[in-house]
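Novice: There's a structure below that I have some questions on.
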């Protein structure tokens, strides 16, 4: 069985490494406005959407106008999504007569879905109408993913252009992301998921009497269409409360493999697209390699930790609390590290029940900022901020003005990169500290002892980095958590976006300088090592003390059989 | 600013229609034509009535049926749930130890026998339809005794219901408890 598990890991990584360059090239063509095999079908629709949206697709934006467009568009989304949940009982497609969602939960959910976090303080099948799910939540799965891609495209334009005021048109980037990338892929995946048993129906729930005569209500709904984009857009918000552990959302090992591949494929392909668009494919492969290393490292630690016996329950194996039989331990660990290395946040098993070091790995991936391979767009632009810091530090070490892809990296860019990297960290530490001292924060704990602290850390890390997975023992549907975590999601999304667009604007305005002997080469092992070092040192300095008090001390206590 | 606001509003409406209505309706159309049974929850009929879904676990308490995995939500599906108990939780410890003891006594195993993990740990969905083949085989002597059927006959039935990794390598070996129990009643 172990051999088969290793084979699945190789297949997963092999498929990723094989497909990412293909998708990357396709997307590079799409966003450079070149012809692709879908152009004939989609181009007329694209033009029509521009006309309906009253935009001129040739008109370009400065970075601050681009940011305003992003912000206003997302705030409009926030209020419409918030409102939709609060009036859903009066709207159609509500066969279960779901009531209106409370204002605080609806606000938290709206913030969660516009920011690509998809943190869920509710169970979809018990709270949301079919209309809210498909015309509200699923729509923002598309929009927030497309927003992430748009920000990345703007940053790429900043790197490519010289002496330019403009960094592209947000609406064009948004529309192309959805029409050429997100929608076609989701349609294919949705149909495959239905073929495996993911439900897709507008019928009301079915009440049955079981073999032994008990009553069981079988939930239904348009789940496959939402599940497809939930993964491909690294959203992660489940149609059902138990997300990809639920047999109606993830019925078979094949649907599982597709969902697990889907959640990482687009983010990885964007790295390859970046390489094509800046004309530096080797450089992109080095970034790709660092991301893959971070992901596989965390996976291997988690897998090793989860097959060790837990002295608290004696010799019982395998440790399947919160896991599904059809996936088993290895697939649960691979999914958990992939969903947190990316900012997907879908779960196929309950992270809260992992053994301490296995639970530490998803948390660590999120704390690093979900950069392996990250959310669509967000992962790479987050990683590029680390790259800027890396070349900046390397430049300081040799005493030359640092350059990146022919652009001088000066105080302004370095400051913005630091803001983008540290904003989530500050939110995590401050938010967790507040939750640890106020009664409303402690009231939500599902576990006691060091594990309780981990639950709080995980919640704020997940929200501030727009991941959305949870140590779900924490009861997060209280005004305290709905509002504090909602704030963390919003600030954790738009402060880095602001900083990244500021970098894009400032880089676009600069001249391109030719590489000189003093330029730190970004195609090489030394670059990869400096980058990895920056990521690990920044992450460890920020979070190591906190992690010691949570999962690490819990690991020691577990070895002695302590319980809380 | 007002222009950006108007455009934001228009694009929100356009994409709500396109990705929020057209897309799910098209997928539902395809699903209902091509995969009707699966799209509607893989419902099973038994003795002339719908008794549940092949994909969702249901409660079996009688000793004449195979037991599914324990469920933190007691097999309720709206909503379902997991325990979310951590590895050093005292509640997890006492739940697991008492489930192990109950399983041993129900199946006449020695009190210090090590019970397979899937029979004492609750699942992620609360509705896991499967158990491991080992967990099914351990229950065979009990079911044979209660039903007065030969052990071998039931063992063969279990082996017939073992699902292999999909495509030969994806996922784990497993047995669907509901399908197995329905077959058991038909013996």
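Residue numbers (the working numbering), protein chains in the order written: chain D, 1 to 564; chain Z, 565 to 751. Glycine included, every Cβ here is placed at the ideal spot set by N, Cα and C.
(1) What does residue 573 of chain Z touch in chain D if you count any residue whose Cβ is under 8 angstroms from its own?
(2) DSSP three-state label for residue 581 of chain D, please.
(3) Ignoring anything shorter than 4 residues, give me the alpha helix (DSSP H) runs that lie fully in the segment 69-133 of chain D, in order along the chain.
(4) Okay, do the segment 331-344 of chain D and the segment 254-269 of chain D touch, 3+ Cβ pairs below 8 angstroms being the bar?
(5) So, residue 227 of chain D versus residue 375 of chain D, is the Cβ gap smaller than 8 angstroms?
(6) Could you please give the first and the last residue of the uninterrupted alpha helix (DSSP H) stretch that includes residue 596 of chain D?
(7) Which word fits residue 132 of chain D, buried or exposed, when buried means at least 16 other C-beta atoms lie within 10 angstroms of its C-beta?
(8) With which residues is residue 565 of chain D paired in a DSSP beta bridge?
(9) Give me whichever residues DSSP pairs with residue 616 of chain Z in a beta bridge.
(10) With a 10 Å radius around its C-beta and 16 neighbouring C-beta atoms as the bar for buried, classify residue 659 of chain Z as buried or exposed.
(11) Mind listing the chain Z neighbours of residue 80 of chain D? Cutoff is C-beta to C-beta under 7 angstroms, in chain order.
(12) What is the rounded straight-line gap between the Cα of residue 779 of chain Z and the Cα of residue 546 of chain D?
(13) Between the segment 138-157 of chain D and the segment 380-390 of chain D, do three or more beta carbon pairs fall short of 8 angstroms?
(14) Counting only runs that start and end within the segment 409-485 of chain D, where is the alpha helix (DSSP H) found for 4 or more residues in a row?
(15) From residue 379 of chain D to residue 524 of chain D, what distance separates their C-alpha atoms?
(16) Answer yes or no: do residue 690 of chain Z and residue 645 of chain Z have a C-beta to C-beta separation smaller than 8 angstroms?
(17) Answer with buried or exposed for residue 565 of chain Z, where buried requires no fewer than 16 other C-beta atoms within 10 angstroms of its C-beta.
(18) Can you tell me which of Z:585, Z:743, Z:625, Z:719 puts its alpha carbon nearest to the alpha carbon of residue 213 of chain D?
(19) Per DSSP, what kind of secondary structure is residue 672 of chain Z in: helix, strand or coil?
(20) Per DSSP, residue 730 of chain Z is paired with what?
(21) Would you grab the beta carbon distance between residue 319 of chain D and residue 685 of chain Z for me? Rounded to a whole angstrom, and I think it's under 8 angstroms.
(22) Name, in chain order, the residues that DSSP records as bridge partners for residue 404 of chain D.
(23) Can residue 473 of chain D and residue 118 of chain D be called in contact, C-beta distance under 8 angstroms?
(24) Any idea if residue 326 of chain D is buried or exposed, counting beta-carbon neighbours within 10 angstroms, 16 or more meaning buried?
(25) Where does residue 141 of chain D sit, in a helix, a strand or coil, going by DSSP?
(26) For the segment 728-742 of chain Z against the segment 693-705 of chain Z, do three or more pairs of beta-carbon atoms, one drawn from each stretch, fall closer than 8 angstroms, so that the two count as touching?
(27) Applying the 10 Å Cβ sphere with the 16-neighbour rule, what's the burial state of residue 662 of chain Z?
(28) How about residue 585 of chain Z and residue 76 of chain D: are their beta carbons less than 8 angstroms apart?
(29) Compute the beta-carbon to beta-carbon distance between residue 431 of chain D and residue 476 of chain D, rounded to the nearest angstrom, for a pair I have assumed lies under 8 angstroms.
(30) Name the residues in the segment 641-654 of chain Z whose C-beta lies less than 9 angstroms from a C-beta of chain D; which are they?
(31) Quick check on residue 722 of chain Z - is its C-beta less than 8 angstroms from some C-beta in chain D?
(32) Out of curiosity, what's the CA-to-CA distance linking residue 349 of chain D and residue 121 of chain D?
(33) Check each residue of the segment 44-74 of chain D: if its Cβ is closer than 7 angstroms to any Cβ of chain Z, include it; give the result in chain order.
(34) Helix or strand or just coil, what does DSSP make of residue 740 of chain Z?
(35) In the DSSP assignment, find the unbroken alpha helix (DSSP H) run with residue 576 of chain Z in it and report its ends.
(36) Measuring CA to CA, which of Z:651, Z:687, Z:732, Z:719 is closest to residue 355 of chain D?
Specialist: Looking at the coordinates:
(1) Here residue 573 of chain Z corresponds to residue number 9 of the second chain, with the count starting at 1. Going along chain D in sequence order, the residues near residue 573 of chain Z (Cβ under 8 angstroms) are 76.
(2) This structure cannot speak to residue 581 of chain D, because chain D is shown only from 1 to 564.
(3) Every alpha helix (DSSP H) stretch that sits fully inside the segment 69-133 of chain D and reaches 4 residues is listed by chain position as 103-114, 124-127.
(4) yes
(5) In the first chain, residue 227 of chain D corresponds to position 227, counting from 1. In the first chain, residue 375 of chain D corresponds to position 375, counting from 1. No, the Cβ-Cβ distance between residue 227 of chain D and residue 375 of chain D is not below 8 angstroms.
(6) Residue 596 of chain D lies beyond the range of chain D shown here (1 to 564); nothing can be said about it.
(7) Taking the first residue of the first chain as position 1, residue 132 of chain D is located at position 132. With 16 or more other Cβ atoms within 10 Å, it is buried.
(8) With chain D covering 1 to 564 only, the question about residue 565 of chain D has no answer from this structure.
(9) Residue numbering aside, residue 616 of chain Z sits at position 52 when the second chain is read from its first letter. Paired residues: Z:608.
(10) The residue labelled residue 659 of chain Z in the question sits at position 95 within the second chain. Classification for residue 659 of chain Z: buried.
(11) As a working mapping, residue 80 of chain D is identified with position 80 in the first chain. Correct list: 576.
(12) No answer is possible for residue 779 of chain Z: the residues shown for chain Z start at 565 and end at 751.
(13) yes
(14) 411-437, 439-442, 450-464
(15) Counting from 1 along the first chain, the entry for residue 379 of chain D is found at position 379. Counting from 1 along the first chain, the entry for residue 524 of chain D is found at position 524. Cα to Cα, residue 379 of chain D sits roughly 21 angstroms from residue 524 of chain D.
(16) Position 126 of the second chain, counting from 1, holds the residue named residue 690 of chain Z. Position 81 of the second chain, counting from 1, holds the residue named residue 645 of chain Z. Contact flag set, yes.
(17) Position 1 of the second chain, counted from the start, is the residue given in the question as residue 565 of chain Z. That one is exposed.
(18) Sequence index remark: in the first chain, residue 213 of chain D carries index 213 (1-based). Selected option, being the one with the closest Cα: Z:625.
(19) As a first step, residue 672 of chain Z must be located in the second chain, where it is residue number 108. Here residue 672 of chain Z carries a coil assignment [DSSP, helix/strand/coil].
(20) Sequence index remark: in the second chain, residue 730 of chain Z carries index 166 (1-based). Looking at the DSSP assignment, residue 730 of chain Z forms a beta bridge with Z:734.
(21) Residue numbering aside, residue 319 of chain D sits at position 319 when the first chain is read from its first letter. Residue numbering aside, residue 685 of chain Z sits at position 121 when the second chain is read from its first letter. Contact check for residue 319 of chain D and residue 685 of chain Z: beta-carbon distance about 7 angstroms, within the 8 angstroms limit, so the pair qualifies.
(22) Numbered from 1 along the first chain, position 404 holds the residue referred to as residue 404 of chain D. According to DSSP, which records beta bridges pairwise, residue 404 of chain D is partnered with D:407.
(23) The residue you call residue 473 of chain D lines up with position 473 of the first chain. The residue you call residue 118 of chain D lines up with position 118 of the first chain. Result no, Cβ atoms of residue 473 of chain D and residue 118 of chain D do not sit closer than 8 angstroms.
(24) As a first step, residue 326 of chain D must be located in the first chain, where it is residue number 326. By the 10 Å Cβ count, residue 326 of chain D comes out buried.
(25) Here residue 141 of chain D refers to the residue found at position 141 of the first chain. DSSP places residue 141 of chain D in helix when its eight states are reduced to three.
(26) yes
(27) Taking the first residue of the second chain as 1, we reach residue 662 of chain Z at position 98. By the neighbour-count rule (16 or more Cβ atoms within 10 Å), residue 662 of chain Z is not buried but exposed.
(28) To locate residue 585 of chain Z, count along the second chain from 1; it is residue 21. To locate residue 76 of chain D, count along the first chain from 1; it is residue 76. No, they are not a contact pair.
(29) Looking up residue 431 of chain D in the first chain gives position 431. Looking up residue 476 of chain D in the first chain gives position 476. So it is not a contact: roughly 12 angstroms between Cβ atoms.
(30) 641, 642, 643, 644, 645, 646, 647, 648, 649, 650, 651, 652, 653, 654
(31) Walking along the second chain from the start, residue 722 of chain Z turns up at place 158. Not closer than 8 angstroms to any Cβ of chain D, the Cβ of residue 722 of chain Z fails to qualify, so no.
(32) Working through the first chain from its first residue, we reach residue 349 of chain D at position 349. Working through the first chain from its first residue, we reach residue 121 of chain D at position 121. C-alpha separation (whole angstroms): 17 angstroms.
(33) Those would be 49, 52, 53, 54, 55, 68, 69, 72, 73, in chain order.
(34) Within the second chain, residue 740 of chain Z is the residue found at index 176, counting from 1. Looking at residue 740 of chain Z - three-state DSSP - the assignment turns out to be strand.
(35) As a working mapping, residue 576 of chain Z is identified with position 12 in the second chain. 566-581 is the extent of the alpha helix (DSSP H) around residue 576 of chain Z.
(36) Within the first chain, the letter at position 355 stands for residue 355 of chain D. Looking at the Cα atoms, Z:651 is the closest of the given residues.
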